[in-house]
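In the numbering used here, the protein residues as written are 17 to 338.
Printed below as a string of structure tokens:
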């Protein structure tokens, strides 16, 4: 099974070996989420999906946004992603529902080099920051700059282009996604520097299409049951969970890197008010920038895009939404 999961992470679709009895195939939008959503890897390796009668078929995407588009287009049953596409999708009244938060990453940072001369946000005043526009990364940086009273020039760059641009001196600092920090450190080497940012936590969620929930509500509940079992295993045996992630990721993540980064995440399959608060803040930012104009980014709006019944069916104490 670990071999087939390694195939997935090399960019190929994965169908886990089917048992003798009929399993329900669930198509899952996936990406470089070994650290962000390890519950899926643990549930696969420990047999929790199999015991629930589920056969996940992992479909790889370059980003959570691309996976979300496939979800809305009817190509997926569920998708793993950060919270931001869900915020935009809710404001656009697209047919999906968030099923649960999987993790929160609280070690976001700006990356720079000694050439920038900056040791904090104030040091970036009047300088250039490269980041992917229209994402939660831009939301984070905008909030931080506003809070610090700093004005900087924002340059739109794709995640793969960010470290090389900083290395060349095209920009003075960069902001990127959690799964790209390790690559930036390798590319920049001794020039790698970090600048502290706000406590914004990238929130990774699993979302489902409305069609899937309408047709297979019981399967959605079983899926959440397997993920909560994986969550419990990760809590009771973090070293064992880290070993599973390392074996699954192959060369993309070393066990040393996994163990070093594990504490940067808060793993908990849950639904809470913090998710709605963050979505409302991001929604206000989205409307201010004209990404979506005709929507009121209230907590009530985002509550309507959360389906709590599947998680309540297996772990009611994990649902604390207002």
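The C-beta atom is built at its ideal place from N, Cα and C for all residues, glycine as well.
Would you say residue i and residue j are within 7 Å of each other, going by their C-beta atoms?
{"i": "residue 327", "j": "residue 240", "result": "yes"}
{"i": "residue 262", "j": "residue 274", "result": "yes"}
{"i": "residue 202", "j": "residue 129", "result": "no"}
{"i": "residue 178", "j": "residue 170", "result": "no"}
{"i": "residue 49", "j": "residue 96", "result": "yes"}
{"i": "residue 158", "j": "residue 214", "result": "no"}
{"i": "residue 200", "j": "residue 127", "result": "yes"}
{"i": "residue 283", "j": "residue 250", "result": "yes"}
{"i": "residue 175", "j": "residue 151", "result": "no"}
{"i": "residue 217", "j": "residue 98", "result": "no"}
{"i": "residue 285", "j": "residue 116", "result": "yes"}
Rounded to whole angstroms, what's the CA-CA distance from residue i to residue j? Just pull it up for me.
{"i": "residue 325", "j": "residue 237", "result": "8 Å"}
{"i": "residue 60", "j": "residue 188", "result": "42 Å"}
{"i": "residue 47", "j": "residue 56", "result": "12 Å"}
{"i": "residue 102", "j": "residue 301", "result": "14 Å"}
{"i": "residue 331", "j": "residue 136", "result": "42 Å"}
{"i": "residue 156", "j": "residue 259", "result": "32 Å"}
{"i": "residue 220", "j": "residue 78", "result": "15 Å"}
{"i": "residue 31", "j": "residue 73", "result": "Caution applies to residue 31, whose pLDDT of 44 falls short of 50 and renders its modelled position unreliable; the model cannot decide the point."}
{"i": "residue 70", "j": "residue 142", "result": "53 Å"}
{"i": "residue 18", "j": "residue 246", "result": "Its pLDDT being 47, under 50, residue 18 is placed unreliably in this model, and the coordinates cannot settle the point."}
{"i": "residue 303", "j": "residue 133", "result": "34 Å"}
{"i": "residue 337", "j": "residue 287", "result": "6 Å"}
{"i": "residue 76", "j": "residue 84", "result": "12 Å"}
{"i": "residue 244", "j": "residue 180", "result": "39 Å"}
{"i": "residue 22", "j": "residue 265", "result": "Note that residue 22 scores a pLDDT of 49, beneath 50, so its modelled location is shaky and nothing firm can be said."}
{"i": "residue 92", "j": "residue 86", "result": "6 Å"}
{"i": "residue 100", "j": "residue 242", "result": "25 Å"}
{"i": "residue 333", "j": "residue 205", "result": "45 Å"}
{"i": "residue 339", "j": "residue 309", "result": "Limits of the chain in this structure are 17 at one end and 338 at the other, which puts residue 339 out of reach."}
{"i": "residue 212", "j": "residue 278", "result": "19 Å"}
{"i": "residue 248", "j": "residue 67", "result": "16 Å"}
{"i": "residue 227", "j": "residue 207", "result": "49 Å"}
I'd like the span of the beta strand (DSSP E) that includes residue i, first residue to last.
{"i": "residue 115", "result": "112 to 121"}
{"i": "residue 211", "result": "209 to 212"}
{"i": "residue 151", "result": "Careful: residue 151 lies outside any beta strand (DSSP E) and carries neither H nor E."}
{"i": "residue 77", "result": "That residue, residue 77, is in no beta strand (DSSP E); it is neither H nor E in DSSP."}
{"i": "residue 44", "result": "40 to 46"}
{"i": "residue 96", "result": "94 to 98"}
{"i": "residue 170", "result": "169 to 172"}
Please list the terminal residues of the continuous alpha helix (DSSP H) segment that includes residue i.
{"i": "residue 293", "result": "289 to 304"}
{"i": "residue 261", "result": "254 to 265"}
{"i": "residue 220", "result": "Note, residue 220: premise wrong, no alpha helix (DSSP H); beta strand (DSSP E) at 218 to 225."}
{"i": "residue 274", "result": "271 to 278"}
{"i": "residue 327", "result": "325 to 330"}
{"i": "residue 55", "result": "54 to 62"}
Mind reading off the beta-carbon distance from residue i to residue j? Whole number of angstroms is fine, and I expect it under 8 Å.
{"i": "residue 119", "j": "residue 322", "result": "Actually they do not touch by this definition, with Cβ atoms about 17 Å apart."}
{"i": "residue 164", "j": "residue 138", "result": "6 Å"}
{"i": "residue 172", "j": "residue 149", "result": "4 Å"}
Beta-carbon within less than 6 Å of residue i's beta-carbon, same chain only, minus the 5 sequence neighbours each way: which residues are those?
{"i": "residue 94", "result": "44, 222 and 224"}
{"i": "residue 315", "result": "292 and 296"}
{"i": "residue 34", "result": "In this prediction, residue 34 has a pLDDT of 43, which is less than 50 and means its spatial position is unreliable; what the coordinates show is noted afterwards. So the qualifying residues of the chain are 71."}
{"i": "residue 311", "result": "107"}
If you drop the 5 nearest sequence neighbours on each side, which residues of the same chain put their C-beta closer than 7 Å to that of residue i?
{"i": "residue 110", "result": "88"}
{"i": "residue 166", "result": "137, 138, 140 and 141"}
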